[in-house]
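**Q**
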Amino acid sequence: MPALDVAQFITRNDNFAVLLHDPESGRTVSIDAPEADPIIAALKQRGWALSDIFVTHKHLDHIEGIPALQAAYDCTVTGPQASAAETGMYDRTMKDGDTLDWAGRRVQVIETPGHTLDHVSLYFPDEKLVFVGDTLFSLGCGRVMQGEHARMWESLLAIRALPGDTALYCGHEYTLANAKFALSVDQNNSALKARAAEVEKLVRDGKVALPTTIAQEKATNPFLRSDDPTLMKAVGMAGERPAAVFKAIRTRKDQFKA
Ligand SMILES: [Zn+2]
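Note that the sequence shown covers residues 19 to 276 in the working numbering.
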């Protein structure tokens, strides 16, 4: 099966739009729909027609572009079952454990609530790609806005369990700010220091720091390291429950001023 073409670009202020195109079938899916105009421009530039939209969660900056994209293209919107009634925007719904068939490729739906209750992540096991929306960011994670921190920690563990060489795409480019916070809690982590320097250079050169990989985030992302004895010690919580350590780090981040 030919490789998928991937187009990733920033829309709104810091939202990533991602388009996946299958050259054989001609199908193109947009992962979330932050803003219609730049997505339509990107499609036109490449000569792609939008066939699908996959929605990770119900926040407006992930779904606002849907009506205009549907007006421009004959596309099917697939969104989380848990927010179907609330948004009224999905043609099809998906839930944890579902395997979608998209252009003859497997897409596994993993529920990852915490940022919102409806949040799902989309894993393409054969392409080694995962789209995690606002659950996990490079060097950071989403704010816990709905649900318990313990449930968000479970969601992060589900993502962390994917193969290390999986390319990880996120909903926002927050990497530089996240690096500053990560260094404040995990300052002796040499992999993190190297990544922070790399991110600074990328941003200075006008580039983006994504996609990242599961392996890179496991080594550098403090939220994924909430059960790592070195990090637990660094934040003064040696021997505590990982979910409690996660909650403490996430709360520090909520109050962090770079
Ligand atoms: Zn969100």
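Ideal placement from N, C-alpha and C gives every residue a C-beta, glycine not left out.
Assuming aspartate 272 is part of the alpha helix (DSSP H), what are its boundary residues?
**A** 260-273 is the extent of the alpha helix (DSSP H) around aspartate 272.
**Q** Does the distance from the CB of histidine 75 to the CB of aspartate 32 come in under 8 Å?
**A** Their beta carbons are not under 8 Å apart, which means histidine 75 does not touch aspartate 32 by this criterion.
**Q** Run the proximity test for aspartate 152: is its beta-carbon closer than 7 Å to any non-hydrogen atom belonging to ligand 1?
**A** Flag set: Cβ of aspartate 152 near ligand 1.
**Q** Just how far apart, CA to CA, sit threonine 248 and alanine 60?
**A** Spanning the two alpha carbons is a distance of roughly 44 Å.
**Q** Considering only the alpha carbon of each residue, which of Ser101, Gly106 and Arg161 lies closest to glutamine 273?
**A** Measuring from the Cα of glutamine 273, the nearest candidate turns out to be Arg161.
**Q** Just to check, is the beta-carbon of glycine 160 closer than 7 Å to a non-hydrogen atom of ligand 1?
**A** Yes, the Cβ of glycine 160 comes within 7 Å of a heavy atom of ligand 1.
**Q** Report yes if the C-beta of glutamate 167 is less than 7 Å from at least one heavy atom of ligand 1; otherwise report no.
**A** Here residue 167 turns out to be histidine, not glutamate, going by the sequence shown. Histidine 167: no, Cβ never under 7 Å from ligand 1.
**Q** By the 10 Å Cβ neighbour count, where 16 or more other Cβ atoms means buried, how is methionine 250 classified, buried or exposed?
**A** Its Cβ being crowded by 16 or more others within 10 Å, methionine 250 is buried.
**Q** Using DSSP bridges, identify the partner residues of glutamate 129.
**A** DSSP, once it has assigned bridges, lists Val138 as partnering glutamate 129.
**Q** Can we count threonine 134 as close to ligand 1, meaning its CB is less than 7 Å from some heavy atom?
**A** Answer for threonine 134: yes, Cβ within range of ligand 1.
**Q** Pull up the CB-CB distance for glycine 189 and phenylalanine 27, whole angstroms please, since I reckon it's below 8 Å.
**A** So it is not a contact: roughly 13 Å between Cβ atoms.
**Q** Output the boundary residues of the alpha helix (DSSP H) element that contains threonine 238.
**A** Threonine 238 -> alpha helix (DSSP H) spans 232-238.
**Q** Report the option in Ala168, Leu157, Asp40 and Gly165 whose CA atom is closest to the CA atom of arginine 124.
**A** Taking only the C-alpha atoms, the option nearest arginine 124 is Asp40.
**Q** Does aspartate 152 come out as helix, strand or coil in the three-state DSSP assignment?
**A** Correct three-state label for aspartate 152: coil.
**Q** Would aspartate 152 pass as a contact of threonine 231 if the rule is Cβ separation under 8 Å?
**A** No, these two residues do not count as a Cβ contact at 8 Å.
**Q** Of the residues Arg222, Leu68 and Ala51, which one's Cα is nearest the Cα of leucine 78?
**A** With distances taken between Cα atoms, leucine 78 lies closest to Ala51.
**Q** Does any heavy atom of ligand 1 sit closer than 7 Å to the C-beta of histidine 39?
**A** No.
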